[in-house]
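Protein chains in written order, with numbering that gives the first Met the number 0: chain A, 0 to 269; chain B, 0 to 280; chain C, 0 to 247.
All C-beta atoms, glycine included, are put in the ideal place defined by N, C-alpha and C.
In this text, all values refer to a predicted model and were calculated from it rather than measured experimentally.
One structure is given here, and the rest of the page talks about it.
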Amino acid sequence: MIEFRDVSFVHQNGVKALDGVSLTIGDGETVGIVGENGAGKTTLVKHMTGLLKPSSGKVLVDGVETTATSTAQLSRKIGVAFQNPDHQLFSESVKEEMAFALRNFGFPPEVVEQRVSWGLELFELERYKESSPLVLSGGEKKRLTLACILAWDPQMVVLDEPTVGQDSIQKEKLAGTIKMLSSSGKTVVVISHDIEFLWPMQPRVVIMKSGRVIMDGQAPQVMLEKEVLESARVAQPEMVSFYAAIRDRPRAPFVDPLEAARWLGVMKPR
Amino acid sequence: MGNIVEVEGLSFRYPESPRRAVDGFNLEVKEGEVVVLAGPSGCGKSTLLRAVNGLIPHMYSGEYSGEVRVGGKAVKDTSMRDLAQTVGFLFQNPENQIFMFTVERDVAFGLENLGVPRPEMRASVDDAMALLGITPLAQRAPHELSDGQKQRVALAGVLAMKPKLIILDEPTSLLDPKTAAELVELVGKLRSQLGTTFLVVEHRLDLLVRVADKIVVMSEGKKVLEGTPGEVLFGDQAEGYGVLIPAVTKLQKRLARMGIVGTERLLTPSELAEATWRGST
Amino acid sequence: MMWLSGGFVFRRGTSVYHKIDPRVKLLISVLLFTTTLLARYLYELAIVLAFMLAVATIAKVLRRVGRTMLLTVTFSVIIFVLNFVFTRSLETSALYASRFVAIVVSTSLFFITTSPDELEQVMKTFRLPRDVVFAFVTAVRFIPVMMLDTIQIMDAQKSRGLELEKGNILRRVRNMIPVLIPLVVNSVVRSGELAEAMESRAYGAVPKPTSLVQYRARNWDRLVAAVAVVLFAVTAYSFYFVLQGIFP
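This is the structure in structure tokens:
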């Protein structure tokens, strides 16, 4: 669905934010992007919808180069939930806020109405329908921005640090929503520092450092590479650390960290 | 070693709100302790912090009852100027508490406000910057810095005033895990080197439990749990209040129920692996 | 936006000019500004502009100043046209239009070479009240932050299908609303947070706060100031008494 071909990006001030990134994300995949602040994660995401255009290399969405189309067009397919909801909420009511993108994308009024109701219900925001989005709590605002995106039903959803400032109950709900998106065939990309949040999803994990992709594979394998994780300043999931410390002992009962996590009841069974 | 903070029966209701943000809250924090305040969003943690440093009632008015004493002084009757010398507050967003265009001038901000003479101020500023490792950044502009660096600048500004108690409001929320771990280490270092007391509001407990003496859980304005990290996290109630139990702790609980390890203290993954192996052979 | 940021936002520099006491830099800009008003012919204005470009070269900001000049010319065309309509004189209109550009450049020279801290010092010298100076310095310190916020807000709204590049002028103005509202709201929230932080750091505790840094004018600065005044006097004199005779 998205293909990065040897993409490099240099800022106006000369800083190289992306350095020869080649990456393909297929339809329906669930991908976690990790790395320290400044590694290039958000820059990568901005290239997906053409907010930034590569200094060299190409970014293709469904075969079309991002330079050949507009951000508005690309956003129809790729919904990006940025980290700070206060950077986008502005409407008189939550209802209007949800309708904003739908109208921009040219949905007819009856469909707008329908989608707005659906979204409000799904994210338990119905009682705020007529309220100003600005009076919602932090967690509710994050739910609202996500609801706005799902209302236009993009093929792919990108979440940039969705768990910041959320308590455990809100995080669980979010994990549930992501699961629902994956199972309905959507491509989901999550940028997160919260490794414990990503781990149960068992996504494909892409580790970034200094603008490069230094590792790309399935969660159980990637998370075992302690040195790589440390060099990228990424934490290792506690379950994996436990597993790694115990597996080489005689009679360790686990075959892999995934199995260990389920067997020990830290993850729900499949 | 007395109590730095004493909260007795504190209740507070904001003017436009129908219900109390804090309801009959009691808390004692001893000098040199690191106390973590946790709870679901909207439980009143922010309000409580502001009642301790004096923003409530001096900046925010509302229906206030009960007593809060900091360093022996009643917060209600002490000016912000005096309170600021005892209580420092590191707000959640480092950007919105840095005023000056140059780092070292911002670190000096509080001291300038108090009219501290220049030589003394210079020494305090230099000490604070050295303690936080930001001396090389002294002449930089804040907008050029990373979030972690900005936070250190803000913290240096607080430390320069040499408070006995420092309040941290969700200090790790914007940081990546390694930087967050560095901050927690810093808290531990300041506690042991300077004897500073810390009151920290945090969702990400996995890091803080290493240095915390006590965890207090709030819900709907009331205190619902209090105890050592072990007591709170191994107990059954914390999870229901939106407290994130670290994965390794859940594991330890489960293994403890199986009789393989004990629960005297919270173990790290490698410690737990060691204990598990021993316990099962 | 580009014009404002290129022409008036301070950026750190290493030239000799940057190191001059800010009060002297202000003096220089004021003198340049005044000379602009004194020039009554295009060639006199050209001399003033030459001085300004010389200063810009010493300050190593020539490219920025050049760009500001070019962008300002677009505004000054309006002035030219308006003037021409009323005076029917090419020379007068050109003079007024060029004067506008020169005024902008003289002001720009001051702001792009003077840091907010130095601006604060200048304001204190003029005995402005502490609250005013503080509000000003804090506002300036947040300009780069707000510029970044604006970009992020535009990115977020573009990602919701908002078209900021196409459309007629009316549509484009209307499309700025989803960008302006979050910007304003964030500013208000920011002010609230800053107020909390100020209180918590004892702002206003003492009527006369002390200062970590002290700015003292050095002899070098006084020399530069003297040279500037002399040059100004000579130029003004020439405009009024000498050149008049040569170029009637």
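Check                                                                                                                              : Outcome
Within-7 Å CB hit, glycine 229 (chain B) to chain A                                                                                : no
Candidates A:Ala16, A:Thr176, A:Glu91 and A:Glu195: closest to leucine 158 (chain A) by CA position                                : A:Thr176
Nonlocal neighbours in the same chain, by C-beta distance under 7 Å from leucine 254 (chain B), ignoring five residues either side : Val260 and Thr275
Valine 247 (chain B) classed as buried or exposed, judged by whether at least 16 other C-beta atoms fall within 10 angstroms       : buried
Nearest-angstrom Cα separation, counted from phenylalanine 196 (chain A) out to valine 242 (chain B)                               : 14 Å
Beta-carbon neighbours of alanine 22 (chain C), restricted to chain B and to distances below 8 Å                                   : In the sequence under discussion, the amino acid at residue 22 (chain C) is arginine, which differs from the alanine named in the question. Those within 8 Å of arginine 22 (chain C) in chain B number zero; the least Cβ separation is about 18 Å.
Per-residue burial, alanine 201 (chain C) [other beta carbons within 10 Å of its own, 16 or more giving buried]                    : buried
Burial state of proline 177 (chain C) (16 or more Cβ within 10 Å)                                                                  : buried
Under 7 Å between C-beta atoms of serine 123 (chain B) and alanine 180 (chain B)                                                   : no
Arginine 211 (chain A) - DSSP class collapsed to helix/strand/coil                                                                 : strand
Contacting positions in the stretch 123-154 of chain B - beta carbon closer than 9 Å to chain C                                    : Val124, Ala140, Pro141, His142, Glu143 and Ala153
Partners in chain B for glycine 175 (chain A), counting only beta-carbon separations shorter than 8 Å                              : Correct list: empty, because the minimum Cβ distance to chain B is about 15 Å.
CA-to-CA distance, proline 236 (chain A) to leucine 266 (chain B), given in whole angstroms                                        : 15 Å
Proximal residues of chain C, C-beta to C-beta of arginine 121 (chain B) below 9 Å                                                 : Leu211
Glycine 160 (chain C) at chain A interface by Cβ criterion, 7 Å                                                                    : yes
Beta-carbon proximity check, isoleucine 166 (chain B) vs leucine 48 (chain B), cutoff 7 Å                                          : yes
Nearest candidate by alpha-carbon position, reference proline 206 (chain C), set B:Gly70, B:Gly114 and B:Tyr240                    : B:Gly114
Runs of alpha helix (DSSP H) wholly within the stretch 109-177 of chain C (minimum 4 residues, chain order)                        : 115-124, 129-140, 142-157 and 168-173
Which of helix, strand or coil DSSP assigns to glutamine 165 (chain A)                                                             : coil
Continuous beta strand (DSSP E) assignments of at least 3 residues falling wholly in the stretch 156-206 of chain B                : 164-168 and 196-200
Alpha carbon of leucine 144 (chain B) to alpha carbon of arginine 104 (chain B), nearest angstrom                                  : 15 Å
Beta carbon proximity, isoleucine 180 (chain C) to chain A, threshold 7 Å                                                          : yes
Buried or exposed (CB count within 10 angstroms, at least 16 for buried), arginine 236 (chain B)                                   : As written in the sequence, residue 236 (chain B) is glutamine, which differs from the arginine given in the question. Under this definition glutamine 236 (chain B) is an exposed residue.
Buried or exposed by the 16-neighbour rule on C-beta atoms within 10 Å, applied to alanine 71 (chain A)                            : buried
Glycine 87 (chain B): first and last residue of the uninterrupted beta strand (DSSP E) it sits in                                  : 86-89
7 Å Cβ cutoff met for glycine 38 (chain B) and serine 172 (chain B)                                                                : no
Isoleucine 3 (chain B) - partner residues in DSSP beta bridges                                                                     : Its beta-bridge partners do not exist; DSSP assigns none.
Any 3 or more C-beta pairs closer than 8 Å across the stretch 14-27 of chain C and the stretch 77-89 of chain C                    : no
CB contact below 7 Å: aspartate 116 (chain C) versus chain A                                                                       : no
Burial state of alanine 45 (chain C), where buried means 16 or more other Cβ atoms lie within 10 Å                                 : exposed
Inter-residue spacing [alpha-carbon to alpha-carbon] between tryptophan 151 (chain A) and aspartate 148 (chain C)                  : 25 Å
Terminal residues of the beta strand (DSSP E) in which asparagine 52 (chain B) lies                                                : Run containing asparagine 52 (chain B): none in the beta strand (DSSP E); it sits in the alpha helix (DSSP H), 44-52.
Threonine 137 (chain C) at chain B interface by Cβ criterion, 7 Å                                                                  : yes
Three-pair Cβ contact test at 8 Å for the stretch 20-36 of chain C versus the stretch 91-107 of chain C                            : yes
Within 7 Å, strictly: CB atoms of alanine 58 (chain C) and threonine 112 (chain C)                                                 : yes
DSSP three-state assignment for asparagine 12 (chain A), whether helix, strand or coil                                             : coil
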